[in-house]
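Numbering (this note's numbering), first residue to last: 56 to 165.
We treat Cβ as the ideally placed atom computed from N, Cα and C, and that holds for glycine.
A short worksheet on the structure shown next.
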């Protein structure tokens, strides 16, 4: 998985449909899309959304190109002091799947 500073991403080798049961997530191959941070509006702690204006956070949402809007929920949650992202398909359970991604120290953002 590669998360880019322009809020785009590329993944390969992950069958996302198996990660999020019953969803319209893409199957295998190389996939692209947009990512964003989950956040809440000031004074509205019970609200939650993925908006471009959020510039930091502990949860990243992936929105795959070609997947119907709202039909593929994949979140990456920061763990282990920021070195690992765990995968979740449930907003209430931060690491609901046993899939993690570890930062590649050899790469830097373009």
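Which of the three DSSP states, helix, strand or coil, is assigned to residue i?
{"i": "residue 89", "result": "strand"}
{"i": "residue 69", "result": "coil"}
{"i": "residue 136", "result": "helix"}
Looking only at its chain, what residues have a beta carbon closer than 6 Å to the beta carbon of residue i, apart from the 5 residues adjacent to it on each side?
{"i": "residue 130", "result": "114, 116, 143"}
{"i": "residue 56", "result": "66, 156"}
When the Cα atoms are used, what is the spatial distance from residue i to residue j?
{"i": "residue 153", "j": "residue 97", "result": "33 Å"}
{"i": "residue 45", "j": "residue 139", "result": "In this structure the chain extends from 56 to 165, so residue 45 is not present and cannot be described."}
{"i": "residue 84", "j": "residue 123", "result": "18 Å"}
{"i": "residue 159", "j": "residue 80", "result": "25 Å"}
Sorted by chain position, which residues of the same chain lie with C-beta nearer than 8 Å to residue i's C-beta, five sequence neighbours on each side aside?
{"i": "residue 62", "result": "89, 90, 91, 107"}
{"i": "residue 110", "result": "92"}
Tell me which same chain residues have a C-beta within less than 7 Å of the C-beta of residue i, skipping the five on either side of it?
{"i": "residue 132", "result": "113, 114, 140, 141, 143, 149, 150"}
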